[in-house]
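One structure is given here, and the rest of the page talks about it.
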Amino acid sequence: MFDQNKPFNYKWSVLLLFLTIIAELFISQSSAMNSKEILEDIFDRQGIISKGSFVMEIKVLSYNGTESNPAVVRVYFYDNSKQLVTFVEPARLKDSYYLVNGFNTWMYQQGLRRPIRISAQQKLFGDAGIAETAGINYIDDYNILKTDESDVQYIIDLKAKDTRTAYQMVTIWVEKKNLLIRQIDLKALNGQILKTLNYQKYNLVDGHEVATIEIINVFQEKDKKTVMEFTSIISRKLPVEAFDPLMMGKFRF
Amino acid sequence: MIKKTFLLLFLWLTFSLLAKEIHAEDMKSTLEMSMGYDYGHVSDNLPLEDLKNYNFLMAYTTGNESNQFFFRGEVNGNSGNYDTKLDELSISRKNNQFLYSIGKQKWVWGKGFSYIPTCPLYTDPTDKDNYYWGLEGSLINPKNSYTIGAAKDKDSDKDYTSWFRSGYSFETSDLTLVTSYQSLFESWNYGVDYSYDLLNGFEFHSGINVLNPRDSGSMMRYLVGGEYISKYNLIFEVYHGPVDREQQKTDDLFILVFNNSAQLFERWQWEFQATISLTDDGQMRKCTIKYLKNSILIPELEIIMYSGPKSSYFKSNPYDYTITFKLTSKF
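Take a look at the structure:
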């Protein structure tokens, strides 16, 4: 008996196999990316780090137990290395400025009439230090130590390149299906978790894919938390000399 | 008359510049107003009346990316005897790397919390009248800056102070070299300011200045201190040098400050400061407390106590203690 189906089955089997391989490759495209590419993809979509100068406005709610304190900060972000943090609200902090210039941190208050050096450990809100508010550069300031993965997420461990960086170790949880950061643990050199950053409610702000970030100081004050929501991110050419301590309090952006 | 003419001329110049250079839509402004009451209790053995003073203060700042105008004035007095005072009236302008300021203001720099060795116009931190007419210009580069300035002495028409500062920024520290000249003492002064962040919550700062008054020998003033930030701020400093504006009284002081200013959103903000003379055992203790829950109206209470032997510098102040209550609004 002539088996008419045999060549047909063979051809279709090869085609199916080929399609399956293509589909597998397509579906698991992200898993084929290495950890560095995953992070680069995430921060590329965010479009801030290594993308020039920006003026960002952030709505902040600082919780202390049941009490909450609202604030609006404006961060002038210059080429990753320099950030100037100013307050839009509350009014009493309008003439306060915090400048981060590499590893140097300065504060200006109108009553002082001069910039004074402060420790980079200075907190702006209950749990958010200057580093978290001004932005941490996970791409350029950290090396990838290792990557683990579960069915749904990647767990990427980072170590600071410089011993002077505020948080020496970082663990980032990335959702596999859409490559979105869900959680970041900021740690000390010994691995002790200092702060946990929960990433929620991703949306596009002026073309930048950013999340609302909840910051919990798990090391010191667990009953406090700070929630930061980006409300605008505008690309803008900023003059480098504006990020000098002498300029603080002498003009307004 | 000359002062008033100069003031009017300056106001006209300032507002002309502002009107020409600043477009209304670029302006960002803040207005601060405060009302206060000062009470000073005179030491029992002095034939003086206690201080009872009301004051009203207004500060207005407006500016844009290149210019800033600042005004601060106050009215002080009691029972029909009031004095109006212009504390500050200044304009600063940024032009690429150049920054210059002109007007009446506090010309202050340096690292100290209260005493600043290299700053000749800021000798006595208890002097609430540290405002001088003057001008200053800076050239700012990414790693260094150069500043030249001069200010008129507040008590004399002919005396002035001039200064030249060069600042250098390093990875976690900075250095400033200061040369100044005070015509009042015919003194050339040479100083250095330095600060360093250990990046573990501890900041170190210091300053040293050698003064060379014509009528007396060289003298030195210096300050060494640090600040530790965790949940609270702790500042500790040792200062050696003149403590009065006339540079007649030299002292060694230990300054300790403890506050919760690191927590910007605490409902209560407080600060304790103790300044202890190691030379004559005099002490000044200051306690300040603010209630910040309502950001429109901020009440503040400050108590300063002076103690020690009668011959001590702090007890040369006629008051045992002063109490200041203030209500501040900022828009």
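So the protein lines, in turn, are chains A and B. Going by this note's numbering, the residue at position 3 of the first sequence is 3; the numbering climbs one at a time, nothing skipped. Just so we're on the same page, this note's numbering is the position in the second sequence counted from 1, plus 1000. Beta carbons are placed, not taken as given, at the ideal position from N, Cα and C, and that holds for glycine.
Report task. Assign A/Ile22 to one of two classes, buried (16 or more other C-beta atoms within 10 Å of its C-beta) or exposed (fewer than that). Result -> exposed
**Report entry** Delimiting residues of the alpha helix (DSSP H) encompassing A/Lys36
**Finding:** Ser35 to Gln46
**Report entry** Close-in-space but distant-in-sequence residues of the same chain around B/Asn1209 (CB under 6 Å, 5 per side omitted)
**Finding:** Pro1117, Thr1118, Asn1189, Gly1191 and Arg1221
Report task. Check the C-beta distance from A/Val85 over to A/Val72 and give it rounded, since I have them as a contact under 8 Å. Result -> Wrong, their Cβ atoms sit about 11 Å apart, outside the cutoff.
Query raised in the report: Between B/Asn1271 and B/Leu1256, what straight-line distance do the alpha-carbon atoms span, to the nearest angstrom?
Result: Checking the sequence, you will find Glu at residue 1271 of chain B rather than Asn. Each residue's alpha carbon lies about 10 Å from the other.
**Report entry** 6 Å CB neighbourhood of B/Lys1104 in its chain, flanking five on each side removed
**Finding:** Glu1088, Leu1089, Tyr1131 and Trp1133
Query raised in the report: Do B/Leu1223 and B/Ser1187 have their C-beta atoms closer together than 7 Å?
Result: no
Report task. Excluding the 5 residues preceding and the 5 following A/Ile234 in the sequence, name in chain order all residues of the same chain whose CB lies nearer than 7 Å to its CB. Result -> Phe54, Val55 and Asp206
Query raised in the report: Can you give the Cα-Cα distance for B/Leu1121 and B/Val1108, rounded to whole angstroms?
Result: 7 Å
Requested in this report: Please check if any C-beta of chain A sits within less than 7 Å of the C-beta of B/Asp1087.
Outcome: no
Report task. Residues of the segment 1115-1138 of chain B with a CB closer than 8 Å to any CB of chain A: list them in chain order, please. Result -> Ser1138
Report task. Pull up the CB-CB distance for A/Lys161 and A/Asn143, whole angstroms please, since I reckon it's below 8 Å. Result -> 6 Å
Query raised in the report: Does any CB atom of chain B fall closer than 7 Å to the CB of A/Asn80?
Result: no
**Report entry** Beta carbon proximity, B/His1023 to chain A, threshold 7 Å
**Finding:** Low per-residue confidence applies at B/His1023: pLDDT is 49, beneath 50, and the placement is therefore not dependable, though the value from the model is reported in the following sentence. Not one chain A Cβ lies under 7 Å of B/His1023.
Query raised in the report: Using a C-beta cutoff of 7 Å, does B/Trp1163 count as contacting chain A?
Result: no
Query raised in the report: Which residues in the same chain have their Cβ closer than 6 Å to the Cβ of B/Ser1169, if we skip the five residues on either side of it in sequence?
Result: Lys1143
Query raised in the report: Taking just the CA atoms, how far does B/Lys1310 sit from B/Leu1099?
Result: 47 Å
Query raised in the report: Any beta-carbon of chain A closer than 7 Å to the one on B/Ile1229?
Result: yes
Query raised in the report: Using the beta-carbon of each residue, which ones in chain A are nearer than 9 Å to B/Asn1064?
Result: Phe251, Arg252 and Phe253
**Report entry** Counterpart residues of B/Ser1162 in DSSP-defined beta bridges
**Finding:** B/Ala1150 and B/Tyr1181
**Report entry** Residue range of the beta strand (DSSP E) that includes A/Pro115
**Finding:** Pro115 to Arg117
Report task. Return no unless some Cβ of chain B is closer than 7 Å to the Cβ of A/Arg182. Result -> no
Query raised in the report: Since B/Leu1099 meets chain A, which of its residues come closer than 9 Å, beta carbon to beta carbon?
Result: Glu241, Asp244, Leu246, Met247, Lys250 and Phe251
Query raised in the report: Using a beta-carbon distance below 7 Å, is B/Lys1330 in contact with chain A?
Result: yes
Requested in this report: Using a Cβ cut-off of 7 Å (strictly closer), state whether A/Arg74 contacts chain B.
Outcome: no
Report task. Please check the pair B/Ser1180 and B/Ser1156, which I expect to be a contact at CB under 8 Å, by giving their CB distance rounded to whole angstroms. Result -> About 17 Å separates the two Cβ atoms, so there is no contact after all.
Requested in this report: Return the residue from the list B/Gly1080, B/Tyr1313, B/Tyr1160 and B/Ile1303 that minimises the CA-CA distance to B/Gln1273.
Outcome: B/Ile1303
Query raised in the report: Beta carbon of A/Ser119, beta carbon of B/Glu1203: below 7 Å?
Result: yes
Query raised in the report: How about B/Ser1138 and B/Thr1147: do their beta carbons lie closer than 7 Å?
Result: yes
Query raised in the report: Got a sec: is the Cβ-Cβ distance from B/Gln1269 to anything in chain A below 7 Å?
Result: no
Query raised in the report: Using the C-alpha atoms, what's the distance from A/Thr171 back to A/Val187?
Result: Strictly speaking, residue 187 of chain A in this sequence is Lys, with Val absent from that position. Straight-line Cα distance between these residues: approximately 8 Å.
Query raised in the report: What separation, rounded to the nearest whole angstrom, lies between the Cα atoms of B/Asp1252 and B/Asn1317?
Result: 18 Å
Query raised in the report: Taking 7 Å as the CB-CB limit, is A/Arg236 close to chain B?
Result: no
Requested in this report: Give the single residue among B/Lys1028, B/Ser1034 and B/Met1027 whose Cα lies nearest to the Cα of B/Lys1330.
Outcome: B/Ser1034
Report task. Give me the Cα-Cα distance between A/Glu175 and A/Tyr154, rounded to the nearest whole angstrom. Result -> 7 Å
Requested in this report: Indicate whether at least one CB of chain A lies closer than 7 Å to the CB of B/Gln1068.
Outcome: yes
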